[in-house]
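In case it helps, our numbering puts the sequence shown at residues 44 to 320. Think of the CB as a built atom: it goes at the ideal place given N, C-alpha and C, for glycine as much as any other residue. For reference, the structure discussed in these notes is given below.
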Amino acid sequence: MTPPPSSVVHPLTVSPPVPPDHAAPGLPERFDSIPPYGAVFGVVSDFDGVTFHLSTPKSKTKILISINVKCFKELVQYGAEEVLKREYGPYIVSPEPGYDFSVQIDLEDLPTEQEARDELVLKLALLKRNAMAAPFERAFDEFNKLAEEASQYTSESAPQGVKEGGEVMSIHYREEEAIYIKANWDRVTVIFSTEFVDARRRVATLQNAPQVLFRNDPPLELQGVPGLQSASEGAISYRRYDSISHIQTFRDYFHYHIKASKRERKTASGRTFRVQG
């Protein structure tokens, strides 16, 4: 059993889903400012309902950055705390009440080099990405293990555990919607369960995109997983080994194009009406 060439991971340059000065408003300027420092307060939410809170509750020289994620308890089960400790170790503090994870930046103890400061701002802007990364990293590690085991067998002689792959990891990151991740010996499958309130918005295909399957019935990888009975839900499956960062933004990108297409139809309809009038 030899994994296909597409299972090889190619490193990608990742930009944060939100620019650093938006995900952490005023932070780059604050890093470059000189005393006396002013107070900081800001609450920012993204499309998935993730909330960021920036404040200086005790000292104007210490900025507290907190994040609240709907599915954080699920992420912890898949190793989110270990990933966050790896990324933010010396900056981690006890979570602010009402939030899942907090880091604190001391303006009097910043890296001296500008490049290191910029890297810190970027890392803070990727706080949500890193919190969501744990199940993907686990799936990729499991894929590597299964691929190594599979290389020792033919497709007929491989143990059942290798053929079936790893567990299905569920991330209920939005109301009535979830991401499911499953590692197999030849791929990592990422499945989006997405709800369309207006049936007219259902899109069966995406052109010029990686292989994507849309279906109303749950795919085989999700057999036995509860919560997939709603007729208004659809499942979108990726069967390509993709980047953790880019896969997280798929849902927003997908719905953006649906809404943009609907707006374009309305615009075209309005133009036709004016010409006829």
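**OP:** Give the DSSP-derived three-state secondary structure of E180 in the structure shown.
**Re:** Assignment of E180 by DSSP, reduced to helix, strand and coil, places it in the helix class.
Subject >> 8 Å Cβ cutoff met for Y134 and K103 >> reply: no
**OP:** Quick one: grab the DSSP three-state call for G92.
**Re:** coil
Original post:
Looking at C-alpha atoms only, which residue of Q147, N173 and I108 is the closest neighbour of R129?
Top reply: N173
Original post:
Is the Cβ-Cβ distance between A193 and V211 less than 8 Å?
Top reply: no
**OP:** Name the two residues that bound the continuous beta strand (DSSP E) containing Y223.
**Re:** E220 to A226
**OP:** Just confirm the distance between the C-beta atoms of G209 and E185, as a whole number of angstroms; I'd bet it's less than 8 Å.
**Re:** 4 Å
Subject >> Three-way DSSP call (helix, strand, coil) for V83 in this model >> reply: coil
Original post:
What number of angstroms, rounded off, separates the C-alpha of S304 from the C-alpha of T237?
Top reply: 18 Å
Original post:
If you count every other CB in all the chains shown that lies within 10 Å of the CB of P154, and 16 or more means buried, which is it?
Top reply: exposed
**OP:** Report, in whole angstroms, the separation of the C-beta atoms of F95 and V87, which I expect to be a contact under 8 Å.
**Re:** At roughly 4 Å, the Cβ-Cβ gap stays under 8 Å, so F95 and V87 are in contact.
Original post:
If you follow the alpha helix (DSSP H) that R172 is part of, which residue opens it and which one closes it?
Top reply: L170 to M175
Original post:
Helix, strand or coil for L107 per DSSP?
Top reply: strand
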